[in-house]
Amino acid sequence: MFTGIVEERGEVVAVRPQSDSTVLSLRGAVVTADARHGDSVAVNGVCLTVVAVEGDVFTADVMAETLRRSTLGALAPGAPVNLERAATLGTRLGGHLVQGHVDAVGTVAARRPAAHWTEIDVAVPLGLGRYLVEKGSLTVDGVSLTVAAVAGDVCTVSLIPTTLALTTLGARQAGDAVNIEVDIIAKYVEKLVGERA
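Per the numbering used here, the sequence shown starts with residue -11, numbered consecutively.
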């Protein structure tokens, strides 16, 4: 479980494709400071299991299902990534409950910079729009964001200076692919209400 509060912007060190998976090596001084084999780290919002740690680089296996549902398959050495260690029971919940189970790949539909912040419109794949609600939560590339407005399968979120400076969202442009995780609570409510109808 994560909170969507990115701890650092890391970097892809190596990508080793295999027949049905990929092995990623990623650099991140903060997340590797106490990382051990078996720990969870969110990489652009995708929960990955640490296989090995050497200095400030950790390695993780990425299965075919994850490659299909996320942007991780398009990563190349040198690419920046958002990194967050799994939350502990004593962690402040600054964002919202994030599983690291990406639902789909969305697209940055528009970007509107202002003097001190930026609005972006994010288009989610058909079917996920029903989970978008004004003032609700959405995870984009592992970043917990508040939905400012919704129009069908497109929502608007505002990026504060800290988000622009410390995450990959600061460089995302219209047309860029992003990992989307909708609020898990909305999915559970939908299932429970649907079963009663």
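Virtual Cβ for every residue (Gly too), placed ideally from N, Cα, C.
Beta strand (DSSP E) segment containing residue i, residue limits
i	result
valine 19	No beta strand (DSSP E) holds valine 19; the alpha helix (DSSP H) holding it covers 17 to 20.
aspartate 157	Note that residue 157 is leucine in the sequence shown, not aspartate. Leucine 157 -> no beta strand (DSSP E), and no H or E assigned at all.
threonine 95	92 to 101
glutamate -4	-4 to 5
alanine 67	Looking at the DSSP string, alanine 67 is not in any beta strand (DSSP E), and its letter there is neither H nor E.
threonine 127	125 to 128
Contact test: residue i Cβ vs the ligand NAP heavy atom, cutoff 7 Å
i	result
serine 132	Among the components of this structure there are no ligands whatsoever, and the ligand NAP is therefore not found.
Other residues of its chain near residue i: CB distance less than 6 Å, five sequence neighbours each side excluded
i	result
serine 170	Note that residue 170 is valine in the sequence shown, not serine. Excluding residues within five positions, the ones whose Cβ falls inside 6 Å are Asp91, Leu116 and Tyr119.
alanine 17	Asp44
methionine 51	Ser9
proline 4	Looking at the sequence itself, residue 4 is arginine, so the reference to proline does not match. Contacts found: Val11.
Cα-Cα separation between residue i and residue j, rounded to whole angstroms
i	j	result
leucine 14	threonine 20	10 Å
serine 132	leucine 81	11 Å
glycine 109	valine 0	It should be noted that the sequence gives aspartate, not glycine, for residue 109. Cα-Cα distance, rounded: 26 Å.
leucine 126	histidine 89	13 Å
glutamate 122	aspartate 49	36 Å
glycine 158	valine 177	33 Å
alanine 62	methionine -11	24 Å
valine 128	lysine 179	23 Å
aspartate 22	alanine 75	13 Å
serine 7	phenylalanine 46	21 Å
alanine 153	glutamate 107	14 Å
Beta-carbon gap between residue i and residue j smaller than 8 Å
i	j	result
isoleucine -7	glycine 124	no
lysine 87	cysteine 143	Note that residue 87 is glutamine in the sequence shown, not lysine. Not closer than 8 Å, so no.
valine 166	aspartate 141	no
threonine 156	valine 69	yes
leucine 55	glycine -2	no
threonine 79	threonine -9	yes
Segment limits, alpha helix (DSSP H) that includes residue i
i	result
alanine 52	52 to 57
Neighbourhood of residue i by C-beta, 8 Å cutoff - its chain only, sequence neighbours within 5 removed
i	result
valine 93	Arg57, Ser58, Thr59, Pro113, Ala165, Val166, Asn167 and Ile168
Cβ-based neighbour list, residue i, same chain, cut-off 7 Å, excluding 5 preceding and 5 following
i	result
histidine 104	Pro149
message: Across the stretch 156 to 171 and the stretch 99 to 110, are there enough close Cβ pairs to call them in contact, namely three or more that are closer than 8 Å?
response: They touch, by the three-pair rule.
- request: Count the C-beta pairs between the stretch 6 to 13 and the stretch 133 to 151 that are closer than 8 Å, then say yes if the count reaches three, no if not.
  value: With a cut-off of 8 Å, the stretch 133 to 151 and the stretch 6 to 13 do not count as touching, because too few Cβ pairs lie within range.
message: Does the stretch 31 to 39 come into contact with the stretch 172 to 179, if we say contact requires no fewer than three beta-carbon pairs (one atom in each stretch) closer than 8 Å?
response: No, the stretch 31 to 39 is not in contact with the stretch 172 to 179.
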